[in-house]
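K.L.:
Just so we're aligned, residue 71 is where the sequence shown starts under my numbering, counting upward by one.
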Amino acid sequence: MTWWRGYKAMPSEWYYQSMGEVIGPLSPAELRKAVESGKIQPDTLVRKGADGPWVFAAQVNGLLTKPK
Numbered sequence: 071m072t073w074w075r076g077y078k079a080m081p082s083e084w085y086y087q088s089m090g091e092v093i094g095p096l097s098p099a100e101l102r103k104a105v106e107s108g109k110i111q112p113d114t115l116v117r118k119g120a121d122g123p124w125v126f127a128a129q130v131n132g133l134l135t136k137p138k
């Protein structure tokens, strides 16, 4: 899975899990803010879209690194 690069159109909705709750939908910018604020860590489960598979944030290429 790729974060910013590799998609012609970034998925408009992202979700993550925090303490058993599903947070979202979030825009890509809101998801980035959640990463920057520390709400999303490498072991946080995230998914793109309302029915995408849950994966660890560390598995989403570029999600945990600052965009160039």
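We put the beta carbon where it would ideally sit given N, CA and C, even for glycine.
All values reported here derive from a predicted model rather than from experimental measurement.
1. Do residue 130 and residue 86 have their C-beta atoms within less than 8 Å of each other?
2. Taking its Cβ as the centre, do 16 or more other Cβ atoms sit within 10 Å of residue 135, making it buried, or is it exposed?
3. Starting from the Cα of residue 113, find the closest Cα among 120, 98, 105 and give me that residue.
4. Please classify residue 120 as buried or exposed, where buried requires at least 16 other C-beta atoms within 10 Å of its C-beta.
5. Name, in chain order, the residues that DSSP records as bridge partners for residue 118.
P.N.:
On the basis of the data shown:
1. No; because the gap between Cβ atoms is not below 8 Å, this pair is not in contact.
2. Around the beta carbon of residue 135, a 10 Å sphere encloses fewer than 16 other beta carbons of the protein chains shown; the residue is thus reported as exposed.
3. By alpha-carbon distance to residue 113, the top candidate from 120, 98, 105 is 105.
4. Taking all protein chains shown into account, residue 120 has fewer than 16 neighbouring C-beta atoms within 10 Å of its C-beta and is therefore exposed.
5. The secondary-structure analysis by DSSP pairs residue 118 across a beta bridge with 84.
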